[in-house]
Amino acid sequence: MPAKSKIVTEGDPLASVMAPPPNETEQQRAARLAAEAEAKRISDAIDEELQRQAKAEKRGPKPVKILLLGQSESGKSTTLKNFQLMNTPKAFRAERASWRAVVHLNVVRSIRVILEAMAEAQAYHATTYSGPNTPIRTHAPDLFHSASNSSLNRPPPPLSQEHLKLKLRLSPLVQVEETLIRKLTPAGSGELEATHLGAVTGGASHADRARALDREVAVNSQFAWKGVLNKMIGRNSSDGDADFNDPDDPGRILYACAEDMIALWNDPVIKSLLRSQGIRLEDMPGFFLDSLERVTHPKYIPSDEDILRARLKTLGVSEHRFTVREGLTGGISRDLRIYDVGGQRSLRAAWAPFFDDMNAILFLAPLSGFDQVLAEDESVNRLEDSVLLWKSICSNPLLGKTNLILFLNKTDIFRAKLRAGIQFGQYIISYGNRPNDYENTSAYMRRKFGQIHREFSPQARTFYCHFTSVTDTKSTSQVLINIQESIISSNLGSIGLTN
Numbered sequence: 083m084p085a086k087s088k089i090v091t092e093g094d095p096l097a098s099v100m101a102p103p104p105n106e107t108e109q110q111r112a113a114r115l116a117a118e119a120e121a122k123r124i125s126d127a128i129d130e131e132l133q134r135q136a137k138a139e140k141r142g143p144k145p146v147k148i149l150l151l152g153q154s155e156s157g158k159s160t161t162l163k164n165f166q167l168m169n170t171p172k173a174f175r176a177e178r179a180s181w182r183a184v185v186h187l188n189v190v191r192s193i194r195v196i197l198e199a200m201a202e203a204q205a206y207h208a209t210t211y212s213g214p215n216t217p218i219r220t221h222a223p224d225l226f227h228s229a230s231n232s233s234l235n236r237p238p239p240p241l242s243q244e245h246l247k248l249k250l251r252l253s254p255l256v257q258v259e260e261t262l263i264r265k266l267t268p269a270g271s272g273e274l275e276a277t278h279l280g281a282v283t284g285g286a287s288h289a290d291r292a293r294a295l296d297r298e299v300a301v302n303s304q305f306a307w308k309g310v311l312n313k314m315i316g317r318n319s320s321d322g323d324a325d326f327n328d329p330d331d332p333g334r335i336l337y338a339c340a341e342d343m344i345a346l347w348n349d350p351v352i353k354s355l356l357r358s359q360g361i362r363l364e365d366m367p368g369f370f371l372d373s374l375e376r377v378t379h380p381k382y383i384p385s386d387e388d389i390l391r392a393r394l395k396t397l398g399v400s401e402h403r404f405t406v407r408e409g410l411t412g413g414i415s416r417d418l419r420i421y422d423v424g425g426q427r428s429l430r431a432a433w434a435p436f437f438d439d440m441n442a443i444l445f446l447a448p449l450s451g452f453d454q455v456l457a458e459d460e461s462v463n464r465l466e467d468s469v470l471l472w473k474s475i476c477s478n479p480l481l482g483k484t485n486l487i488l489f490l491n492k493t494d495i496f497r498a499k500l501r502a503g504i505q506f507g508q509y510i511i512s513y514g515n516r517p518n519d520y521e522n523t524s525a526y527m528r529r530k531f532g533q534i535h536r537e538f539s540p541q542a543r544t545f546y547c548h549f550t551s552v553t554d555t556k557s558t559s560q561v562l563i564n565i566q567e568s569i570i571s572s573n574l575g576s577i578g579l580t581n
């Protein structure tokens with residue numbers, strides 16, 4: 083017979099835990115009671131403050147809430163940075179030094195992709211064989227166009243001894259990456275998804291190396307990484323200056339490697355190598371290789387545009403509060419709350435609890451992803467995923483009365499791809515043989531999203547759509563000002579948001 087579990091029937095089962103220690107002296111008892119009384123006082127004070135805040139919120143105007151939605155790397159965090167720059171510019175700029183480490187890590191990550199591509203080229207020419215229909219994948223799937231792209235079937239160009247010397251001289255970037263990761267994700271900060279720049283071994287499969295490069299540093303949104311990093315780097319002024327005399331500053335190694343990195347990036351053979359593997363680093367989030375001389379300077383401090391372009395993956399849900407004036411001429415103060423949630427498929431279940439209490443949802447769909455696949459599922463086209471996600475948002479009954487604002491984002495990268503000759507209709511089959519230019523392709527996608535909005539919304543509502551490049555502060559700021567003002571005034575059609 084199975085053993086029967088013993089059921090505690092006498093007294094409180096927590097009594098033994100809460101009981102005072104045996105042989106407690108009067109002095110120890112007095113200290114324990116004093117500590118318990120102090121803990122109760124603090125707990126009561128917290129409860130009172132929470133009750134006070136709840137009553138104040140009931141008496142005052144309700145906060146205005148905006149939820150940012152979209153797939154991973156759609157531009158949500160960059161849009162949030164634009165809101166911060168617009169509403170709290172002083173605080174935004176005080177964090178410049180914190181973003182310096184992120185920019186440097188973005189540079190190292192880009193160089194790592196090139197070095198891995200070079201290692202694959204070496205392996206290819208060493209074996210003198212590579213399957214004609216099996217493209218070498220040593221980079222994140224987001225950077226990878228498609229196996230049908232003819233350039234991927236070309237063998238990589240041979241590398242010279244100078245190329246191999248460059249590769250060797252850039253090996254100190256291994257330590258740079260490790261140092262930057264430690265700074266950005268100190269012990270207890272939670273989520274580390276980065277793989278380090280290590281030697282490529284002949285035993286590792288292409289798939290293993292591809293999965294390794296897909297992973298990146300991920301900061302939990304609940305961890306105040308910027309505050310911790312500011313203390314570590316010795317911020318010495320409200321302008322966000324860094325301690326440039328720090329001997330452990332990884333920027334020193336980046337500066338020493340700057341000429342070699344510039345030479346590597348501008349080398350025509352390397353450009354050809356990247357094209358043969360379908361790698362477009364200029365489309366990669368956190369791309370700074372065209373600004374290496376500036377961002378590797380010993381006294382570099384990121385500009386507003388650098389911070390907007392810097393890529394740091396965030397996990398979890400973060401809430402950001404701003405106090406804004408109601409009315410174009412400045413009226414009563416209103417509490418604006420913006421929620422940024424993770425866009426990875428595994429994190430989308432966390433969206434639902436926010437749906438029933440939002441004034442508006444700002445949905446970002448990157449047009450540039452038409453020739454890319456999801457990192458989580460390489461069988462799914464990124465633009466197709468955005469369309470399906472938009473459909474699920476439009477049809478959700480909890481959002482029937484919520485204003486939906488669509489940003490067809492990353493138009494700058496989208497234009498560049500079309501100019502480069504990448505055929506939109508090759509990936510979006512329903513587009514057919516229509517002209518491969520920005521005007522026709524963007525209008526087609528606007529109609530597609532608008533049709534879904536019209537057909538699947540639980541009740542009739544206006545379709546608000548903007549073409550954006552949220553890394554461009556000048557073009558984005560006015561759109562966000564109009565959206566913020568219109569949401570606060572509860573009149574989305576009054577300031578020309580409809581197109």
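In my numbering, the protein residues as written are 83 to 581. Glycine included, C-beta positions come from ideal geometry on N, C-alpha and C.
Alpha carbon to alpha carbon, what distance is there between residue j and residue i?
i	j	result
residue 379	residue 259	17 Å
residue 564	residue 509	34 Å
residue 537	residue 511	21 Å
residue 562	residue 474	24 Å
residue 423	residue 529	27 Å
residue 520	residue 158	23 Å
residue 387	residue 123	47 Å
residue 507	residue 522	11 Å
residue 104	residue 110	11 Å
residue 570	residue 534	26 Å
residue 240	residue 440	56 Å
residue 513	residue 497	17 Å
residue 257	residue 554	33 Å
residue 502	residue 358	15 Å
residue 266	residue 389	15 Å
residue 128	residue 173	27 Å
residue 459	residue 453	14 Å
residue 247	residue 209	21 Å
residue 118	residue 101	13 Å
residue 489	residue 557	13 Å
residue 551	residue 263	28 Å
Kindly indicate which residue of the options has the alpha-carbon position closest to the one of residue i.
i	options	result
residue 367	112, 103, 101, 155	155
residue 254	266, 205, 131, 197	197
residue 201	192, 243, 249	249
residue 518	527, 525, 500	500
residue 347	396, 109, 103, 252	252
residue 539	497, 556, 484, 516	484
residue 376	339, 438, 453	339
residue 476	113, 489, 543, 237	543
residue 525	238, 244, 547, 504	547
residue 494	391, 415, 101	391
residue 145	417, 461, 457	417
residue 330	352, 261, 365	261
Helix, strand or coil for residue i, going by three-state DSSP, please let me know.
i	result
residue 522	helix
residue 565	helix
residue 538	helix
residue 102	coil
residue 456	coil
residue 401	strand
residue 495	helix
residue 479	helix
residue 240	coil
residue 149	strand
residue 530	helix
residue 416	strand
residue 441	coil
residue 201	helix
residue 545	coil
residue 422	strand
residue 406	strand
residue 502	coil
residue 395	strand
Within this structure, are the beta carbons of residue i and residue j separated by less than 9 Å?
i	j	result
residue 481	residue 443	yes
residue 451	residue 465	yes
residue 532	residue 545	yes
residue 404	residue 169	yes
residue 183	residue 332	yes
residue 147	residue 487	no
residue 167	residue 559	yes
residue 188	residue 445	no
residue 448	residue 204	no
residue 374	residue 344	yes
residue 337	residue 185	no
inquiry  = Could you tell me which whole beta strand (DSSP E) segments of length 3 or greater appear in the stretch 317-389?
reply    = none
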